[in-house]
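Since the structure comes first, as structure tokens, the remarks are kept for the end.
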Amino acid sequence: MKYILLGAAGFLLMHLMDFASMRRLPLLKPFLSVSGTTMIIVAATAAAFEEVKFNLPLWLSVAGWSLTAAASAGMVYALYIALPAGKTYIAPGTSGQLVTGGIYRLVRHPWLLFFALTVAGLALGSRSVLAAQAGAVWTLFSAALVWFQDRKVFPKMFPGYAAYQKSTPMLLPNRNSLSAFIEGLKQKKYSEV
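Rendered as structure tokens:
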């Protein structure tokens, strides 16, 4: 239970960065970013190494680790490459830049989709019961935080966010967003901005 709470606290710290951004509090944003990320990584690693295990076949464990690696790469891309990382996680204030291109054409919060796949893969790969429980709790908690961020915070942070909400689904791609994403790839518009 302590690892589930540690991870949840990490997600809460990450989401508090939005308020630090809006208030332009120097040093708080990088502190929240590093602390939150560290807490999540420590909690997920500890949960994966818990001793109570599912009795899963080896091939499923290997598939789980593969899913974890691929989904983690997608999550890192969505959070630290597609977004202007320095402005998002370090510099005081908001980036002032609404990212709607590239992977952000699929959904408004692609990191959460990749996170859910990452923890599902972690649970399968490690065969850890606690990793499965923690992953479910963290995904639901993060979805609630993202919903609040999407409805209450981002419309205040980014001009044009209401139009983005109307054109792009929040968490799961639909036919239109998938078409827009593919069209961007065909036009070689890889830029997220």
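Per UniProt numbering, the sequence shown starts with residue 1, numbered consecutively.
Glycine included, every Cβ here is placed at the ideal spot set by N, Cα and C.
Please read these numbers as outputs of a predicted model, since none were measured by experiment.
Would you please state the rounded distance, in angstroms, between the beta carbons of residue i and residue j? I believe it to be under 8 Å.
i, j, result
"P169", "V99", "With 8 Å as the limit, P169 and V99 do not qualify as a contact, their Cβ atoms being about 16 Å apart."
"S33", "M17", "6 Å"
Less than 7 Å between C-beta atoms, sequence neighbours within five positions excluded: which residues of the same chain meet that for residue i?
i, result
"L130", "Y3, A47, E50, V52"
"I40", "G7, G10, F11"
"F116", "Just to set this straight, residue 116 is Ala in the shown sequence, not Phe. Excluding residues within five positions, the ones whose Cβ falls inside 7 Å are T139."
"Y161", "L98, F154, P155"
"A71", "F114, L117, T118, G121"
"L60", "L124"
"M75", "W111, F114, F115, T118"
Which partner residues of residue i appear in the DSSP bridge assignment?
i, result
"K53", "S128"
Which same chain residues end up closer than 8 Å to residue i when comparing Cβ atoms and leaving out the 5 residues on each side of it in sequence?
i, result
"M14", "L32, S33, G36, T37, I40"
"D150", "R108, H109, Q165, M170"
"L145", "F11, L12, H15"
"R24", "P92, G93"
"L67", "L117, T118, A120, G121, L124, G125"
"A134", "Y3, I4, G7, A43, A44, A47, V119"
Is there a Cβ of chain B sitting closer than 9 Å to that of residue i, yes or no?
i, result
"F181", "Among the chains of the structure shown, chain B does not appear; only one protein chain is present."
Mapping DSSP to helix, strand and coil, what is residue i?
i, result
"T37", "helix"
"S142", "helix"
"M22", "helix"
"T88", "helix"
"V42", "helix"
"Q97", "coil"
"M170", "coil"
"M157", "helix"
"M75", "helix"
"L106", "coil"
"A47", "helix"
"M17", "helix"
"R27", "The sequence given here has Leu at residue 27, not Arg. DSSP places L27 in coil when its eight states are reduced to three."
"L83", "coil"
Who are the near neighbours of residue i in its chain, counting only those whose CB is closer than 6 Å to its CB and skipping five residues on each side?
i, result
"P159", "none"
"L28", "A20"
"A43", "Y3, L6, G7"
"A69", "none"
"A180", "R105"
"P26", "P92"
"V137", "I4"
Evaluate the contact criterion for the stretch 90-97 versus the stretch 107-123: three or more CB pairs, one atom per stretch, below 8 Å. Short answer: they don't touch.
Is there contact here, the stretch 125-140 with the stretch 51-71, by at least three beta-carbon pairs under 8 Å? Taking a cut-off of 8 Å for Cβ pairs, the stretch 125-140 and the stretch 51-71 touch, as three or more such pairs fall below it.
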